[in-house]
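Going line by line, the protein sequences match chains A and B.
Under our numbering, the first residue of the first sequence carries the number 1, and numbering increases by one thereafter.
Under our numbering, the first residue of the second sequence carries the number 361, and numbering increases by one thereafter.
From the three backbone atoms N, C-alpha and C, an ideal C-beta is built for every residue, glycine too.
Protein chains: 2
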Amino acid sequence: MVNQHRYCVIMCGGIGSRFWPYSRTDRPKQFIDFLGTGRSLLQMSYDRITSIVPPQNIVVVTNAMYAPLVKEQLPEVCDHNILLEPARRNTAPCIAWAAHHIAALDPEASMIVTPSDHLITREREFEASILKGFDFVENNDALLTLGIKPSRPETGYGYIQIGREVEPGILKVKTFTEKPNRELAEVFIETGEFFWNSGIFLWKASAIKQALAEHAADINNIFEQGNGIFGTDAETEFINANFPSCMGISIDFAVMEKAANVYVECVDFGWNDLGTWSALYDNSPRNKDGNVTQKCRVLAYNSHNNIFAVNSDKLVVVEGLQDYIIADAGDVLLICPKAEEQRIKLMVNDAKEKFGDTYL
Amino acid sequence: MVNQHRYCVIMCGGIGSRFWPYSRTDRPKQFIDFLGTGRSLLQMSYDRITSIVPPQNIVVVTNAMYAPLVKEQLPEVCDHNILLEPARRNTAPCIAWAAHHIAALDPEASMIVTPSDHLITREREFEASILKGFDFVENNDALLTLGIKPSRPETGYGYIQIGREVEPGILKVKTFTEKPNRELAEVFIETGEFFWNSGIFLWKASAIKQALAEHAADINNIFEQGNGIFGTDAETEFINANFPSCMGISIDFAVMEKAANVYVECVDFGWNDLGTWSALYDNSPRNKDGNVTQKCRVLAYNSHNNIFAVNSDKLVVVEGLQDYIIADAGDVLLICPKAEEQRIKLMVNDAKEKFGDTYL
């Protein structure tokens, strides 16, 4: 039987701009059936946690504008488990709110915090890893992050360097490392001491509150003013009035890189953050020409290793394209070599500068 | 004052499949504002003839399915001047009908027959050429075709070889030649004896009827059965019953290549048949990167000499594309190198085979 003190926080307020225009401000990546499974990434994130924590303990934190999408895609989640951020402030304020909210409901709560837009292919290993992580944080004063066993010298991820092992598979964190260059990433892999930073965390609500108080007092003080309000009808009004005052900062930067009680559980459950078109391409089924197709119909001639991401049953006909992203979202069409996808951010900025919010 | 016996037949029943998907079966090339002038190619064809023949003598022949488009774009043309073909049968049956129709209204009629999807840039020269052609066919037993002074060894056009001059600028036709290969086209240009076959004709209605009787009796006999019916309320019923029995054949093949009284007027009025994407590209204004844009908004990075043909105010963002056609028609997107555009016909066939008429 699942532990009634265990909670899950699914963060789904991001805008997924790296997948523009397939991912749009009004329907970001996590709300899309990115892998053609019939379930969006958010729904898949929800599904895989339901065997681990009681469904009524699953809390979704998102931007207020995505409330209708969340309710449409997760009708099982009741309204008071959907926390609506009135402004975008990165993960630290999001987690601070969720921790205060959950601690008010259950002072003994432990919680997993997870992004909603990642791919996890081996769900049984995932479940076992999370159960083990809950056991650890419930029995230790610990902030636990999941480190993914690296399979290649990926330069798109942050890395965690491990220290001494405190129990099998759980180690002290020595350092957090930003995205390395190729040479450094190769060294990381060779040493065996570095794991990918997954952005999935476990801790007791009380432990993360304590850590926020110590390392991110500016943010924590804002939520401390709401004591007695969390979990009541007044919470929304309090958040709308005070949440925007928080500075935008990630939980890694605000807390994890500073706290002394940070541990990493080394896991290997087929994880990919699907953070880039190339990652999506690598994790999608390909046809014999190496082309990946999202939903649309494609006639491809002399064209290989492309990804076609089109939100409709449009027919896409291509001749002579190799290694391109072809993404069509009705009012925006993007054609860009996969190798140049880091330039998409610039393109979004140019589109905004020239045409305002029309195409965001 | 314009001559009341002069008529114009504008043929606009083609489906423009070479410009698929920008040109679609339900809105072919001639109905599109291809050059961004605010007028479709059909409207431009109509406009340039209004100073030459009386407006009430302008007859439009099209496929029945395009009746609404013609009426929308040419509200000046009354219903009884719109001849609706119940089937596609190429130009010979189209012209045979128009000739019988006009001859019934006016036995002394002379007529120009013109496609509706060509570009003519020098309208004053066009007008002078047409007036001269009318004079010639009204005073001679002649079938006159307009030969365009070639400016390059174009392999996409048919050529007309000229014979002896019968009056300044008007010569006997020696031969009609199919599309030549590059080497032959270069020889054609060097000799000075060859002109592009424009598909624009002038003749008396009685002369083309006579020529059809001699050289295309199968077709002509069908229309001869309708004598007494053309120009009356019974014409539509007669045509719907009999037109489909005609074989599909071009007027060049059925008559012009066989008749003895065929002449060519050598003209030079900035003509282009806009028969290919490359021709459209060559005749459209380019930006500093050599990109041509039809209607849509484009953000182009490291991309040159492309043509963007999109029937909406969609934003098209491209990186690293050179010499491509990017054509979007809502439910179909085509991305094809300009150099491979002859393959579009094959693509249309494949689309038809796989998806029926959905995307035609």
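Judged by DSSP in its simplified three-state form, K564 (chain B) adopts strand. DSSP places T236 (chain A) inside the alpha helix (DSSP H), whose first and last residues are E235 to N242. Beyond the five residues adjoining it in sequence on each side, D268 (chain A) comes within less than 6 angstroms, by CB distance, of K149 in the same chain, given in chain order. V2 (chain A) sits in coil when the DSSP states are folded into three classes, being neither helix nor strand. Distance between L640 (chain B) and F379 (chain B), taken at the CA atoms: about 10 angstroms. Under the criterion of beta carbons closer than 8 angstroms, V137 (chain A) and K71 (chain A) do not qualify as touching, at roughly 30 angstroms.
At a cut-off of 9 angstroms between beta carbons, F355 (chain A) contacts chain B. Within the region 614–646 of chain B, the runs of beta strand (DSSP E) at least 3 residues long that lie entirely inside it are, in chain order, 622–627. Membership of D688 (chain B) in any alpha helix (DSSP H) is not indicated; the residue belongs instead to the beta strand (DSSP E) covering Y684 to D688.
Annotated three-state conformation of P388 (chain B) is coil, per DSSP. The three-state reading of DSSP puts I189 (chain A) in helix, counting H, G and I together. Per DSSP, the unbroken beta strand (DSSP E) holding K534 (chain B) starts and ends at I530 to T537. At a beta-carbon threshold of 7 angstroms, the residues of chain B lying near P337 (chain A) are E679 and G680, ordered along the chain.
With a contact defined as Cβ atoms closer than 8 angstroms, I472 (chain B) and P513 (chain B) miss out at about 28 angstroms.
Rounded to whole angstroms, F668 (chain B) and G680 (chain B) show a C-alpha spacing of 14 angstroms. Assignment of N63 (chain A) by DSSP, reduced to helix, strand and coil, places it in the strand class. Q43 (chain A) sits in a helix when the DSSP states are folded into three classes. A straight-line Cα-Cα distance of about 47 angstroms links S312 (chain A) and P107 (chain A). Going by C-alpha positions, K338 (chain A) is about 16 angstroms away from V318 (chain A).
The CB of M347 (chain A) comes closer than 8 angstroms to the CB of L659, Y661, V677 and E679 in chain B, given here in chain order. Per the C-alpha coordinates, the member of B:R657, B:G586, B:L444 and B:G493 positioned closest to Y367 (chain B) is B:G493.
For D331 (chain A), the chain B residues whose C-beta falls within less than 7 angstroms of its own C-beta are K674 and L675, listed in chain order. Sequence-distant partners of I480 (chain B) (beyond 5 residues in either direction) whose C-beta falls short of 7 angstroms from its own C-beta, in its chain, are R408, F486, F629, G630 and W631. Setting aside the 5 residues that flank it on each side, L429 (chain B) is surrounded in the same chain by F391, each with a C-beta closer than 6 angstroms to its C-beta; the list follows chain order. Taking the Cβ atoms as the reference, V9 (chain A) lies roughly 12 angstroms from V77 (chain A), outside the contact range of under 8 angstroms. The CB of A711 (chain B) comes closer than 8 angstroms to the CB of L299, L315 and V317 in chain A, given here in chain order. Within chain A, V317 have C-beta atoms less than 7 angstroms from the C-beta of L694 (chain B), given in sequence order. Under the Cβ criterion (8 angstroms, minimum of three pairs), the region 533–547 of chain B does not count as touching the region 643–650 of chain B. For G493 (chain B), the enclosing alpha helix (DSSP H) has its first and last residue at E483 to N499.
For the pair of segments examined, the region 230–243 of chain A was found to touch the region 91–111 of chain A: the number of CB pairs separated by less than 8 angstroms reaches three. In the three-state DSSP reduction, P415 (chain B) falls in the helix class (H, G or I). Taking Y406 (chain B) as the centre and dropping the five residues before and after it, the same chain places the C-beta of L434 closer than 6 angstroms to its C-beta, in chain order.
DSSP, reduced to helix, strand and coil, places P510 (chain B) outside both helices and strands of the structure shown, so it counts as coil. When A:V310, A:N3 and A:N302 are compared, the shortest CA-CA separation from T293 (chain A) is found for A:V310. The bridge partners DSSP lists for M11 (chain A) are A:V61 and A:P115. In this chain, the beta strand (DSSP E) harbouring F308 (chain A) covers I307 to V310.
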